[in-house]
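Working notes, beginning with the structure itself.
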Amino acid sequence: MDFDLAKKHSKEYEQRRKDAKRKLDQQKRDDEQRSIMEKDQRARDEVRQRAEDEARRKAAQEVLLNDGVRYVARLRPYPSTRTDDKLELPPSALEDLEQQGAIERGTLLTFAVSVPSSSSGSSPARTHAGVAEFTAEEGTVGVPPRVALCLTKGSGLDSLAAVDQVEVRYFRLPRSSKSRVKLQPRGEGFHVSGMKTAHIDLQHVLQETLRGHTALTEGDWLPIRHDGYTYELMVRELEPEPYLALLDTDLTVEVLPSERTEAELRAEEEKKAREEAAAHEAEERERLRLNRARAKALLLGPEPEAAADLVQIMVRLPLGGRLSRRFKRDTAFEQVLDWVESEPDSRVTSEEFRLVQKWPGHCRELGPAEAGQELGKLNFARQ
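Following this line, the structure appears as structure tokens:
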């Protein structure tokens with residue numbers, strides 16, 4: 002009886018010990034999980050704080066650059082019929098700008114326009130524009146085709162209509178008395194149906210195209226019309242700034258090769274570079290081969306004088322020409338291989354060639370596998 006009771010107490014003690022250990026392990030796991038969650042939360046808080054600090058810094062910098070004026074709005078775009086790059090903004094935008102003194106200064110009103118990344122699913126497309134009037138319905142912005150083209154890179158207003166919002170931000174564009182732009186024709190350039198070259202007074206056409214325009218930005222697309230055809234140009238480079246107000250500026254235009262021509266030139270350059278690299282590699286291989294040939298020739302020593310116990314070996318080269326040399330009958334075939342490699346005209350490299358022993362009714366290929374055998378045992382006769 003006492004033995005059974007002691008055994009029962011022992012089992013109960015062991016069970017309590019296991020339960021206590023299990024609770025302790027669970028508490029440790031809970032503490033570790035809580036620590037991980039707190040650490041993750043602190044990291045998220047730090048990221049959010051940095052983002053807020055960066056946003057405040059940019060906002061302060063923006064106000065400083067824009068003479069204290071700040072206007073940012075996300076508006077639903079609709080297509081306007083204007084032929085320039087001027088937006089139609091809602092009356093609230095005018096009120097906001099007036100309250101900050103932007104209208105009283107009489108400065109040119111310019112705006113940065115972008116498709117937010119949350120709407121497009123990619124990095125935001127950006128351009129700059131002016132404003133024509135403040136008559137748009139609240140919460141909307143009228144976007145002319147030229148601005149839409151810059152934002153959607155070719156899809157135009159049809160694509161912009163599928164965008165929920167565009168961000169319009171007041172941005173005082175820099176001005177310059179002299180500026181320079183490099184334009185690249187898209188696609189095949191000034192070719193009709195890819196064949197006939199269009200002869201265009203580009204300077205005149207660009208002047209007409211940019212007449213009434215407010216801004217120009219690197220990356221912009223400019224459509225120009227000539228003889229019933231539309232050609233698209235891309236702003237590749239703009240100086241002295243990557244975005245400029247087109248007011249009282251002497252604009253110099255440089256037209257680059259079209260995208261297709263540029264691709265062809267690049268392909269030609271790459272081909273030339275590959276050919277030059279291949280030629281350089283071939284020259285280096287040939288230099289190394291000739292060095293090995295000279296080293297092999299030195300190791301061979303002089304050709305033995307004619308005698309009865311010698312073997313005269315003649316080799317016909319694949320590219321024409323013959324080689325001839327005398328060897329002793331007990332010479333290892335390896336020396337024959339070295340001799341062929343030592344001849345500059347053979348153009349062979351170690352381990353990469355074989356010799357064919359041939360006479361009527363006999364044909365055998367000999368190479369490194371036979372290098373240790375004597376010529377006599379390989380059936381080389383005197384001639």
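Under the numbering used here, the letters of the sequence shown match residues 2 to 384, in that order.
We put the CB at the ideal spot given by N, CA and C, even for glycine.
All values reported here derive from a predicted model rather than from experimental measurement.
key: DSSP three-state assignment for T350, whether helix, strand or coil   = coil
task = With DSSP collapsed to three states, give me the class of H214.
result = coil
message = Assuming the contact rule is C-beta atoms closer than 8 Å, T111 and R173 should be a hit. Round their C-beta distance to whole Å, please.
response = 6 Å
query = Beta-carbon separation of A372 and E335 under 8 Å?
reply = yes
ask   = Alpha carbon to alpha carbon, what distance is there between E47 and G220?
value = 35 Å
message = For P241, count the other beta carbons within 10 Å of its own beta carbon; 16 or more makes it buried, fewer makes it exposed. Which is it?
response = exposed
ask   = Taking only runs of the alpha helix (DSSP H) that begin and end inside the region 63-130, which ones reach a length of at least 4 residues, in chain order?
value = 92-100, 118-121
ask   = Under the rule that 16 or more other beta-carbon atoms within 10 Å means buried, what is G122, buried or exposed?
value = Caution is warranted here: a pLDDT of 47 is assigned to G122, below 50, making its placement in the model unreliable, and the coordinate value is therefore given only provisionally. The residue is exposed, with fewer than 16 neighbouring Cβ atoms inside 10 Å.
message = I'd like to check one pair, L252 with S180: are the Cβ atoms closer than 8 Å?
response = yes
request  = Output the residue ranges of the beta strand (DSSP E) runs that lie fully inside the region 241-268 and measure 3 residues or longer, sorted by chain position.
outcome  = 244-246, 251-256
query = Would the region 82-100 and the region 129-147 be scored as touching if the rule is three or more Cβ pairs under 8 Å?
reply = yes
query = Are the C-beta atoms of R226 and some chain B residue less than 8 Å apart?
reply = Looking at the structure shown, chain B is missing, and only one protein chain is on hand.
ask   = P243 and A149: beta carbons closer than 8 Å?
value = no
task = Could you tell me which residues DSSP pairs with P224 in its beta bridges?
result = E233
inquiry  = Please classify R171 as buried or exposed, where buried requires at least 16 other C-beta atoms within 10 Å of its C-beta.
reply    = The sequence shown places Tyr at residue 171, not Arg. Per the 10 Å Cβ criterion, buried.
ask   = CB S115 to CB A126, shorter than 8 Å?
value = yes
task = Assess, as a yes-or-no matter, whether the region 208-217 is touched by the region 284-302 under the definition of 3 or more beta carbon pairs within less than 8 Å.
result = no
Cβ-Cβ distance between A103 and V70 below 8 Å = yes
request  = Grab me the residues of H363's own chain with a C-beta within less than 7 Å of its C-beta, minus the 5 sequence neighbours each way, in chain order.
outcome  = none
ask   = What distance in whole Å lies between the Cβ atoms of D86 and P1, which are believed to be in contact at a cut-off of 8 Å?
value = For residue 1 there is no data in the structure shown, the boundaries of the chain being 2 and 384.
Limits of the beta strand (DSSP E) - the one that V342 falls within = Per the sequence presented here, residue 342 reads as Glu, with Val not at that position. Per DSSP, E342 belongs to no beta strand (DSSP E); it is in the alpha helix (DSSP H), 334-343.
Opening and closing residue of the alpha helix (DSSP H) in which T1 lies = Lying before the first or after the last residue shown, residue 1 is absent from the chain, which here runs from 2 to 384.
key: Cβ pair L299, P305 closer than 8 Å   = no
inquiry  = If you follow the beta strand (DSSP E) that L356 is in, where does it begin and where does it stop?
reply    = 356-360
message = Here's the rule: buried if 16 or more other CB atoms are within 10 angstroms of the residue's CB, otherwise exposed. What is S325?
response = exposed
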